[in-house]
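**Q** Residue numbers (numbering that gives the first Met the number 0): 0 to 347.
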Amino acid sequence: MAETKRNVTPISDLGEFGLIDRITNKFKLRNKSTVRGIGDDAAVLDFKDKQIVVTTDLLTEGIHFNLMYTPLKHLGYKSIAVNVSDVVAMFATPRQVTVSLAISSKFTVEAIEELYEGIYLACEEYGVDLVGGDTTTSLTGLTISVTAIGEAKPEDLVYRSGAKKTDLVCISGDLGGAYMGLHLLERENEVFKVNPGVQPMLDGYDYILGRQLKPEARLDMLSVFNDLKIRPTSMIDISDGLSSELKHICKNSGVGAKIYEEKIPLDNQTKKMGNELNINPLVAALNGGEDYELLFTIPLADHDKVRNHPDITVIGHMVDASEGTLLVASGGTEIELTAQGWDPLKND
Ligand code: ADP
Ligand code: MG
0 MAETKRNVTP
10 ISDLGEFGLI
20 DRITNKFKLR
30 NKSTVRGIGD
40 DAAVLDFKDK
50 QIVVTTDLLT
60 EGIHFNLMYT
70 PLKHLGYKSI
80 AVNVSDVVAM
90 FATPRQVTVS
100 LAISSKFTVE
110 AIEELYEGIY
120 LACEEYGVDL
130 VGGDTTTSLT
140 GLTISVTAIG
150 EAKPEDLVYR
160 SGAKKTDLVC
170 ISGDLGGAYM
180 GLHLLERENE
190 VFKVNPGVQP
200 MLDGYDYILG
210 RQLKPEARLD
220 MLSVFNDLKI
230 RPTSMIDISD
240 GLSSELKHIC
250 KNSGVGAKIY
260 EEKIPLDNQT
270 KKMGNELNIN
280 PLVAALNGGE
290 DYELLFTIPL
300 ADHDKVRNHP
310 DITVIGHMVD
320 ASEGTLLVAS
330 GGTEIELTAQ
340 GWDPLKND
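(1) DSSP three-state call for LEU13: helix, strand or coil?
(2) To the nearest angstrom, how far is the alpha carbon of GLU60 from that of LEU66?
(3) Report the residue from PHE16, ARG94, LEU28 whose alpha carbon sits nearest the alpha carbon of THR54.
(4) Can we say the segment 312–327 touches the segment 165–175, given the rule of at least three CB pairs closer than 8 Å?
(5) Since TYR259 is in the beta strand (DSSP E), which residue starts that stretch and which ends it?
(6) Do you know how far the Cα of TYR291 is from the Cα of ILE19?
(7) Determine, using beta carbons only, whether MET272 and ILE278 come nearer to each other than 9 Å.
(8) Taking CB distances under 9 Å as the criterion, tell me whether ASN286 reaches chain C.
(9) Given a cut-off of 9 Å on the beta-carbon distance, is the pair MET179 and ARG210 in contact?
(10) Return the CA-CA distance between GLU112 and VAL52, expressed in angstroms with no decimal places.
(11) Quick one: Cα of VAL81 to Cα of GLY255, how far?
(12) Take the Cβ of PRO195 as the centre, count every other Cβ of all protein chains shown within 10 Å, and call the residue buried at 16 or more, exposed below.
(13) Per the DSSP calculation, GLU60 is bridged to which residue(s)?
(14) Compute the minimum distance between the beta carbon of PHE106 and the heavy atoms of the ligand ADP, and state whether it is under 8 Å.
(15) Give the single residue among LEU184, ASP133, LEU276, LEU299 whose Cα lies nearest to the Cα of ILE22.
(16) How long is the line joining the alpha carbons of ASP236 and ASN286, rounded to whole angstroms?
(17) For the 8 Å Cβ check, are there 3 or more pairs between the segment 132–152 and the segment 98–108?
(18) Could you give the residue range of the beta strand (DSSP E) that holds PHE295?
(19) For the alpha helix (DSSP H) containing SER84, list its first residue and its last residue.
(20) Does the separation of the CB atoms of VAL7 and GLU150 fall below 9 Å?
(21) Does the contact criterion of 3 or more C-beta pairs under 8 Å hold for the segment 38–47 versus the segment 83–91?
(22) Just to confirm my understanding: we take ASP12, look at its own chain, exclude 5 residues before and 5 after, and list those with CB closer than 8 Å. What are they?
(23) With DSSP run on the structure shown, which of helix, strand or coil describes THR269?
(24) Among all the DSSP beta bridges, which residues are the ones paired with CYS169?
(25) Taking 9 Å as the threshold (C-beta atoms), are GLU116 and LYS72 in contact?
(26) Return the first residue and the last residue of the beta strand (DSSP E) that SER99 is part of.
(27) Could you tell me which of THR146, SER233, LEU57 sits nearest to THR97, measuring between CA atoms?
(28) Using a Cβ-Cβ cut-off of 8 Å (strictly less than) and excluding sequence neighbours within five positions of PHE26, which residues of its own chain qualify?
(29) Within the present structure, is the beta-carbon of VAL130 separated from the nearest heavy atom of the ligand FAD by less than 8 Å?
(30) Would ASP239 be called buried (16 or more neighbouring beta carbons within 10 Å of its own) or exposed?
(31) What three-state label does DSSP hand ASP303 in the structure shown?
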């Protein structure tokens, strides 16, 4: 065969330490709080008088990602971005991450290097230091666990519990795109399984594909808030869908909420794909998840500050707890929201 074979190196050629060195050696430290990174028994961090936020996410092959259509580089990027998103949702600045892997024998050194290419890019984008992790083998598939550490002045932290009865409900960006992107990828994957010769039809859907494969944490929103002189009273990142996240805020804050269907921002590609796949984009926004936008509440008095901001949409307001968590449909009907967010541990 004339075809040039790609270099593939079994991980056993390098061994655990060789692999760790290979994938981590180009990471440089950029934060003052990182006293010691990779290479000792533990990282050493110094945050002076700040408070520390710590968050972890675990991603398993076949449950959280499908390598049939997820490039490893994107997966690496996403695994960092989703953790940074949780730090940002506390109004904290992300500083360090650790990455732990369980790798089966089907992965080559080059495949893990690709994963780390994405991790590297995300660390650059969000200004975080990779300060450690663990590497082990698994019988089947790939498992990635990322822990992110951030810092904030105690008075700057924003919890889920601070929403007041008259606050406005806001979100950054638009919703439902990641869910539509996932369904598009799943559709094309099914076609591919039946007929591997067919080219996937993904043209014109770059935005929603990006929303699914390479989501961004809204770290930029922290400066938007600072510039607008806004302090959210409560905040959460939208990983499971708007309904579920809004209910978390309501429950933790002891209030209710009313949001309006026609105010929920949807991208054109989200709507177009919804038409094509016969999925209501509103359902994607409410229950789809993985958009990693921020859902937050602000005092009513701050309305003018956000009214015309391109990154912020007011979708409703908080109400008394006795009213519940309601969606006001375009026709005016009020529907109690249920948390149908993605919960892998819950029986239907
Ligand atoms: P230990 O035996 O103390 O667990 P390891 O030999 O597992 O240490 O790891 C050596 C160093 O490399 C440590 O600093 C550890 O945090 C780091 N490390 C191990 N695996 C990874 C990984 N997948 N990504 C980043 N750093 C890693
Ligand atoms: Mg170890």
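Glycine included, every Cβ here is placed at the ideal spot set by N, Cα and C. Small disclaimer: the values here were computed from a predicted structure and weren't measured.
**A** Well, looking at it:
(1) helix
(2) 7 Å
(3) ARG94
(4) yes
(5) 255–259
(6) 30 Å
(7) yes
(8) Looking at the structure shown, chain C is missing, and only one protein chain is on hand.
(9) yes
(10) 29 Å
(11) 27 Å
(12) exposed
(13) PHE64
(14) no
(15) ASP133
(16) 14 Å
(17) yes
(18) 293–297
(19) 71–87
(20) no
(21) no
(22) VAL108
(23) helix
(24) PHE295, VAL313
(25) yes
(26) 92–102
(27) THR146
(28) GLY36, ILE37, TYR119, CYS122, ASP128, LEU129
(29) With respect to the ligand FAD, the structure shown offers nothing to examine, as its ligands consist of the ligand ADP and the ligand MG.
(30) buried
(31) helix
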